[in-house]
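> Residues in the sequence shown are numbered from 1 upward in steps of one, following full-length UniProt numbering.
Backbone N, C-alpha and C define an ideal beta-carbon position, used for all residues, glycine too.
Can you read through this structure? Questions will come right after.
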Amino acid sequence: MHELPLLIFTLCLQGSVGVTVWLALGRQYAVEGRVPARGALPAMVGAFVLACVGLLASALHMGYPLNALNALRHVASSWLSREIVFASLYLAALGLGVVLLFFRKPGWQPLLALAAAFGLVDVFCMAQVYIHASVATWQHSNTLALFFGTSGIIGSVVIALAYLRNAGTAMRCAVVVVVLMVLIRLIMQPLWLADINAVDTTVVTFPHHPLQALAQLRDIYLLGWCVSAAGMLCFAAGGL
């Protein structure tokens with residue numbers, strides 16, 4: 001259970017970024033009047049709250065949250081430092097955009113686009129933290145695909161549910177994104193397994209044993225793929 005805060009942080013922040021990217025790409029709807037600007041406020045607030053929950057969970061995982069300030073001194077060499085920096089920039093830009101939109105002030109749309117850019121960079125940095133770790137099963141482009149896939153899927157589902165009644169185009173686009181993300185994941189899995197099986201079994205990953213854990217959890221991985229495919233089909237059937 002000691003890894004639960006890290007899991008909450010990862011899912012919440014990636015989901016928040018997914019929602020923000022959707023809003024940033026669809027901001028022209030507010031200008032053209034098809035979706036009023038005030039309709040973006042609940043989703044932006046939701047994305048902001050989701051990111052805050054994730055960052056609070058990450059602080060609990062660290063044990064000594066104030067030590068996070070020390071990580072900022074290694075931005076040039078540490079992916080973890082870059083992740084913290086861009087997560088902070090993302091939260092600041094998104095929060096300021098929410099405030100401007102709430103008070104109906106101009107400038108929230110550029111801030112939303114900036115937050116989306118910061119968020120995507122942060123998800124990339126987050127994936128690089130795992131890829132550069134000493135865990136053989138993480139050292140693959142599959143990790144990058146999974147992280148961005150999580151952002152795409154959570155963001156698409158949230159937007160589809162939020163604008164279910166008045167944005168048929170958004171729903172269809174959400175279905176396309178979800179299907180694409182799941183298909184990429186399913187295509188990547190056999191390649192990932194082949195590369196993992198080719199890894200030298202004598203590789204040192206003390207105190208972890210990722211290859212043994214992968215063998216023990218193979219059925220769980222298979223079940224996860226099946227659930228992903230079933231969820232994709234159900235979402236597509238309901239949205240098209």
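Just to confirm, are Ala160 and Thr143 a CB contact at a threshold of 8 Å?
Within the sequence shown, the letter at position 160 stands for residue 160. Within the sequence shown, the letter at position 143 stands for residue 143. Result no, Cβ atoms of Ala160 and Thr143 do not sit closer than 8 Å.
> Pick out whichever of Ala93, Gly239, Leu186 and Leu193 has its Cα sitting closest to the Cα of Tyr113.
If you number the sequence shown from 1, residue 113 lands on position 113. The question names Tyr, but residue 113 in the sequence shown is Ala. It is Ala93 whose Cα lies nearest to the Cα of Ala113.
> With distances taken from CA atoms, which of Gln109, Ser134 and Leu60 is nearest His209?
As a working note, residue 209 is residue 209 in the sequence shown. It is Ser134 whose Cα lies nearest to the Cα of His209.
> Would you report the Cα separation of Arg104 and Asp195, rounded to the nearest angstrom?
By one-based count along the sequence shown, residue 104 stands at place 104. By one-based count along the sequence shown, residue 195 stands at place 195. Using only the alpha carbons, I get a separation of about 52 Å.
> Quick one, are the C-beta atoms of Cys125 and Phe86 less than 8 Å apart?
To locate residue 125, count along the sequence shown from 1; it is residue 125. To locate residue 86, count along the sequence shown from 1; it is residue 86. A contact, by the Cβ cut-off of 8 Å.
> On the CB-based measure, 16 or more other CB atoms within 10 Å of its CB, does Val177 come out buried or exposed?
The residue given as residue 177 occupies position 177 in the sequence shown. That one is buried.
> Would you call the CB atoms of Gly15 and Val158 closer than 8 Å?
Position 15 of the sequence shown holds residue 15. Position 158 of the sequence shown holds residue 158. In this structure, Val158 lies closer than 8 Å to Gly15 by Cβ.
> By the three-class DSSP mapping on this structure, what secondary structure does Tyr29 have?
Within the sequence shown, numbered from 1, the residue matching residue 29 stands at position 29. At Tyr29, the pLDDT of 46 sits below 50, so the modelled position is not reliable; the number obtained from the coordinates is stated separately. Looking at Tyr29 - three-state DSSP - the assignment turns out to be helix.
> Quick one: what does DSSP say Tyr163 is sitting in, helix, strand or coil?
Numbered from 1 along the sequence shown, position 163 holds the residue referred to as residue 163. Correct three-state label for Tyr163: coil.
> Closest by CA to Gly239, which one among Arg185, Cys173 and Val129?
Start at 1 with the first residue of the sequence shown, and residue 239 comes out as number 239. Of the candidates Arg185, Cys173 and Val129, the one whose C-alpha sits nearest the C-alpha of Gly239 is Cys173.
> Once the 5 residues before and after Leu60 are set aside, which same chain residues still bring their CB inside 6 Å of it?
The residue given as residue 60 occupies position 60 in the sequence shown. Contacts found: Pro5.
> Can you tell me the Cα-Cα spacing of Ala40 and Ala136, whole angstroms?
Mapped onto the sequence shown, residue 40 falls at position 40. Mapped onto the sequence shown, residue 136 falls at position 136. So the alpha carbons of these two residues sit roughly 41 Å apart.
> Less than 7 Å between C-beta atoms, sequence neighbours within five positions excluded: which residues of the same chain meet that for Glu32?
Position 32 of the sequence shown, counted from the first residue, corresponds to residue 32. Any reading at Glu32 must be qualified, since the residue scores a pLDDT of 41, below 50, and its modelled position is unreliable; the value itself is stated next. Cβ within range, chain order: n/a, list empty.
> I need the DSSP call for Thr137, collapsed to helix, strand or coil.
For the purposes of this step, residue 137 is identified with residue 137 of the sequence shown, where counting begins at 1. Note: Thr137 maps to coil in three-state DSSP.
> Can you list, in chain order, the residues of its chain with a C-beta nearer than 6 Å to that of Ala24? Leave out the 5 residues immediately preceding and following it.
Residue mapping note: residue 24 aligns to position 24 of the sequence shown, counting from 1. Hits under 6 Å: Leu112, Ala113 and Ala116.
> Does the Cβ of Gly54 have 16 or more other Cβ atoms within 10 Å, making it buried, or fewer, making it exposed?
Residue numbering aside, residue 54 sits at position 54 when the sequence shown is read from its first letter. Looking at its Cβ environment, which holds 16 or more other Cβ atoms inside 10 Å, Gly54 is buried.
> When the distance is taken between beta carbons, is Met181 closer than 8 Å to Gly224?
Position 224 of the sequence shown, counted from the start, is the residue given in the question as residue 224. Position 181 of the sequence shown, counted from the start, is the residue given in the question as residue 181. No, the pair does not count as a contact, with Cβ atoms beyond the cut-off.
> Verify whether the separation of the beta carbon atoms of Tyr90 and Gly46 is less than 8 Å.
Here residue 90 is taken as the residue at index 90 of the sequence shown, counted from 1. Here residue 46 is taken as the residue at index 46 of the sequence shown, counted from 1. No, they are not a contact pair.
> Among Thr20, Ser141 and Gln189, which has the Cα closest to the Cα of Cys226?
Mapped onto the sequence shown, residue 226 falls at position 226. Comparing Cα positions, the closest option is Gln189.
> Could you give the first and the last residue of the continuous alpha helix (DSSP H) run that contains Phe124?
Locating residue 124 in the sequence shown gives position 124, where the first residue counts as 1. Trp108 to Ile131 is the span of the alpha helix (DSSP H), which, as asked, contains Phe124.
> Looking at the structure shown, is Phe48 part of a helix, part of a strand, or coil, going by DSSP?
Counting from one through the sequence shown, the residue named residue 48 turns up at place 48. Helix.
> Assign Leu13 to one of two classes, buried (16 or more other C-beta atoms within 10 Å of its C-beta) or exposed (fewer than that).
Numbered from its first residue, the sequence shown carries residue 13 at position 13. Under this definition Leu13 is a buried residue.
> I need the straight-line Cα distance from Phe102 to Gly18, nearest angstrom please.
The sequence position of residue 102 within the sequence shown is 102, counting from 1. The sequence position of residue 18 within the sequence shown is 18, counting from 1. One C-alpha to the other measures close to 21 Å.
> Given this structure, state the Cα-to-Cα distance separating Ala43 from Pro110, to the nearest angstrom.
Taking the sequence shown and counting its residues from 1, one reaches residue 43 at position 43. Taking the sequence shown and counting its residues from 1, one reaches residue 110 at position 110. Whole-angstrom Cα-Cα distance: 16 Å.
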